[in-house]
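In full-length UniProt numbering, the protein residues as written are 1 to 112. The C-beta atom is built at its ideal place from N, Cα and C for all residues, glycine as well. Keep in mind the model is a prediction, meaning the values are calculated, not measured.
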Amino acid sequence: MGVRGRGVYEALADTDGEMYGVTNDESEKARALFEQLEGIDVSPAAGVATGALIQAVEAGKIAKKDTIVLNITSGGYKRMRQDYPLHYLKPRIFWNRALAVYHKGLPIKRRC
């Protein structure tokens with residue numbers, strides 16, 4: 001019953017897994033809770049994962065004895081802004097409303 005090399009649907013079906021839908025509001029609340037408890041801000045995607053975990057706990061799908069791994073792949077932006085100066089760069093390529101691209105003031109032909 002391996003799931004390697006297969007899609008998400010097959011992995012969920014093979015393992016009796018479940019999928020959760022998380023609203024923007026639930027994601028924001030989950031992000032705030034994560035930051036409050038762990039001391040680090042997380043990205044919106046990590047907020048969705050955390051929100052899904054909260055739903056699973058509230059639905060009774062996770063027991064107190066269960067071991068859970070929540071892979072938080074990005075965050076810490078607030079801390080990074082506090083610890084390091086930000087440097088804003090001027091873009092070298094501009095896309096104007098007429099859909100013309102300019103690089104150092106010279107038009108570049110569009111490819112369609």
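By the CB criterion at 8 Å, Gly75 and Val42 fall inside the cutoff.
When the alpha-carbon of Glu28 is set against those of Ala45, Thr15, Met19, the nearest one is in Ala45. A Cβ-Cβ distance of about 13 Å is found for the pair Arg81 and Ile40, leaving them out of contact under the 8 Å criterion. A Cβ-Cβ separation of about 5 Å places Val22 in contact with Ala52 under the 8 Å criterion.
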